[in-house]
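Numbers in my numbering are just positions in the sequence shown, counted from 1, shifted up by 802. A virtual CB, placed ideally from N, CA and C, is assigned to each residue, including glycine. Treat the numbers as computed from the prediction; the structure is a model and nothing was measured. Encoded as structure tokens, the structure appears first; notes follow it.
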Amino acid sequence: MNNQWKRFINGESVESEVTPSIYRSWQRSLKHQVDYTLVSNEDILTTSRLRERRDAQESLIRAGEPVLPYIFSLLGNSNYTVLLGDNEGYIIEAMGDAPFMSKAQKVNLSPGASWREEIRGTNAIGTALRDNAPISVCGWEHFVHDNHFLACWAAPIQDSQGTPLGVLDISGEASQDREKILAIAMMGAGMIEKNLRLFELENQLKFYQEGAKLASSLLQQGFLAIDHNGIITNINTLGAALLGLKQEDIIGRHAGDIFSSPKGWMLGEYSLNLRIKDRAGKGISSHLKRVVNEAGQSLGAVGTLQITQESLSDTLWIGHSLPTQRTLERASKVAATHSSVLIHGESGTGKEIIARTIHQLSPRCEGPFVALNCASLSPTLIESELFGYVEGAFTGARRGGKPGKFELADKGTIFLDEIGDMPLSVQVALLRVLQEKEVSRIGDTKTKKINVRVIAATHKDLNALVEKEQFRLDLYYRLKVVTLELPPLRERSEDIKDLAPYFIRKACESFGSPVFGIDEDVYSYLLAHTWPGNVRELENCIESMIALADGPMLTVANLPDEYKKNVLKSQPTTETLLNQQTKQTILYALTQTRGKIAPAAKILGIGRNTLYRKIKELDIKF
Ligand SMILES: Nc1ncnc2c1ncn2[C@@H]1O[C@H](COP(=O)(O)OP(=O)(O)OP(=O)(O)O)[C@@H](O)[C@H]1O
């Protein structure tokens, strides 16, 4: 019944019979002299003007893009059109049922037309915008008679301050379920509002990120940001320079791929001091602070990178060869556990260094690292060193007694070097301490609980010692929960190019002399040597070269004769030189691909089978 509308037009009072918002809108429509008999053709944009308007409302359209089809699908996809209007009531987007849309077009309910209340009288789009509130305008509630076939529901789309940015309208044939459809329109408007806020946040984030980038580039320190997956999201130029890499080669990579430290540290606790080394052994430390959200979940970490002053005296592992990388990877995995570790390797391969590395990378890193060489001491001395004694325990015992290494290593790590040389009597006592997790000093009746991780090392074959009953089987099993094999230097000669410059720096630092350079020719001798004394021998060799040096460079002339003689005696044939070169190249490719054959073959430009054959022929271990 459109009686109320007719009576209103005829000047009768119908206020109590019509929804207040509709009545107020009718009155405004009269005031604006809207012609209720005619569909107005006013304020309809040309195609190019509509394009301009849509361009200006790009984010509103983008925010509505997924919402309009969703709302349309909720309506059962028929006899409706879903419209998006801007803040001046211009329809800028429409989707709907084709027959209904062509009917709607006849009254200009289509893109390009403005449905401001001042022009088209009471209607859902214009009145929702005017009142900044959701509204349904059905049938005769429209001010213009020709619009009476329509039923429309609209809700304003507001910014966070409540200012209308646009309007979402659903129009269909009159006589529909009014409340339900108004709720759908309101939900659609809400979804668009959420999308708009998201865009705003994205823009803000971009703005902050650019600001952070600029600020970090101005910092006098290296700056590093890592997300919760361990991916490096930002590093400033200084930070990249400290690592000897370009920013673009770092950002986007996993931190574990860039730093020689183990991957584990990235995934767990971020607030730690990280020590890493570059190829020349320069120490770089990083303090990373974890960033968490309100729920306490980790978002990542940010921190600084700087060269550490104490770098050389506090050295971790030097060397980048593939066997070394393998060893370090295993060491870092072991570090995260509390298991006992047994390190096996020839003398001078760096067993103590790797033990220290495990300690430093472990959760016990803040605790002490206490080392004891079991080979150099008599049985009684080892016992008193390990377990300590009380005053008067034996003749010559110190006044006040002395704590043993186990006590000193509490909450940390004890490193028992040359464990194969430990006398059987001490082995029994050691086993007891490991089982009971408590020590008593010699001459004492009291015991003390201790929390110590044991890392033992030997160059001997403990299995053979067990067979000869020189080593206790039960102790052997207790120690070798995890074993780590340190390859001799001749099997990782690539490390020489990392170690030699490091030892030069170390020696020059202790001599207080300027740092020497090293002639490339020297390496062909160093690489050909078999290094029975391993890294320790290399260090000694470098020290004697420095002592003999007479210029700023270490040259072949400074090499001790034994190294020259050895090399000269077994002057490599062209074939061995070629093989060595090939071996190095293959090892290099395998290092790049972390031991993966197919990609390494690709780098080398050879087939996979050829690479397998070469690895076998040249006895390449990786
Ligand atoms: N990868 C390395 N990086 C830096 N220095 C190393 C490395 N490996 C060994 N060294 C140095 O070589 C020397 C020997 O190392 P270490 O004492 O750890 O060897 P080891 O295997 O325990 O020897 P031994 O069995 O004779 O006790 C030390 O001066 C150590 O600093």
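Under 8 angstroms between C-beta atoms of residue i and residue j
i: arginine 1280; j: leucine 1233; result: yes
i: tyrosine 882; j: glycine 974; result: yes
i: tryptophan 807; j: tryptophan 955; result: no
i: valine 836; j: phenylalanine 945; result: yes
i: aspartate 933; j: serine 823; result: yes
i: isoleucine 1252; j: glutamate 1185; result: no
i: isoleucine 983; j: isoleucine 972; result: yes
i: isoleucine 1344; j: phenylalanine 1313; result: no
i: valine 820; j: glycine 990; result: no
i: glutamate 919; j: arginine 826; result: no
i: lysine 1207; j: valine 1172; result: yes
i: asparagine 1036; j: isoleucine 1060; result: no
i: glycine 1024; j: leucine 1044; result: yes
i: leucine 847; j: leucine 967; result: no
i: aspartate 1297; j: glycine 1150; result: no
i: valine 969; j: leucine 931; result: yes
i: alanine 1157; j: isoleucine 1221; result: no
i: aspartate 1029; j: glycine 1102; result: yes
i: glycine 891; j: serine 916; result: yes
i: phenylalanine 1009; j: alanine 865; result: no
i: isoleucine 1388; j: leucine 1406; result: yes
With 16 other Cβ atoms within 10 Å as the buried cut-off, status of residue i
i: glycine 1319; result: exposed
i: glycine 923; result: buried
i: proline 1316; result: exposed
i: tyrosine 1191; result: buried
i: serine 762; result: Limits of the chain in this structure are 803 at one end and 1424 at the other, which puts residue 762 out of reach.
i: glutamate 1050; result: exposed
i: leucine 1370; result: Since pLDDT at leucine 1370 reaches only 39, below the 50 mark, its modelled position is unreliable, and no value is offered.
i: lysine 1308; result: buried
i: proline 1354; result: exposed
i: threonine 1412; result: exposed
i: leucine 1356; result: buried
i: serine 1295; result: buried
i: threonine 1197; result: exposed
i: glycine 914; result: buried
i: alanine 1057; result: buried
i: asparagine 1075; result: In this prediction, asparagine 1075 has a pLDDT of 42, which is less than 50 and means its spatial position is unreliable; what the coordinates show is noted afterwards. Result: exposed.
i: glycine 1083; result: Confidence at glycine 1083 is low in this model, with a pLDDT of 46, below 50, so its placement is unreliable and no value can be given for it.
i: phenylalanine 810; result: buried
i: arginine 853; result: exposed
i: alanine 1027; result: buried
i: threonine 849; result: exposed
i: glycine 1409; result: exposed
i: histidine 1434; result: The first residue shown for the chain is 803 and the last is 1424, placing residue 1434 beyond what the model contains.
i: arginine 999; result: exposed
i: alanine 900; result: exposed
i: valine 1230; result: exposed
i: asparagine 805; result: exposed
i: asparagine 812; result: exposed
i: aspartate 1219; result: buried
i: glutamine 1099; result: exposed
Bridge-paired residues (DSSP) for residue i
i: aspartate 1219; result: Asn1175
i: methionine 1355; result: Gly1319
i: histidine 1036; result: According to the sequence shown, residue 1036 is asparagine rather than histidine. In the DSSP output, where bridge partners are listed per residue, asparagine 1036 has Ala1027.
i: lysine 1251; result: Glu1240
i: valine 969; result: Gly887, Pro958
i: lysine 1204; result: Tyr1191
i: alanine 1258; result: Leu1144, Leu1218
i: glutamate 975; result: Leu952
i: isoleucine 846; result: Ala915
i: histidine 1056; result: Ile1033
Test: residue i CB closer than 8 angstroms to a CB of chain C
i: glutamate 1168; result: The structure shown contains no chain C; it holds only a single protein chain.
Exercise for the section: Output the residue ranges of the beta strand (DSSP E) runs that lie fully inside the segment 883-959 and measure 3 residues or longer, sorted by chain position. Expected result: 893-898, 937-940
Handout entry: Runs of alpha helix (DSSP H) lying entirely within the segment 1088-1158, each at least 4 residues, in chain order
Key = 1124-1137
Exercise for the section: Please list the segments of the beta strand (DSSP E) lying wholly inside the segment 1263-1292, counting only runs of 3 or more residues, in order along the chain. Expected result: 1284-1288
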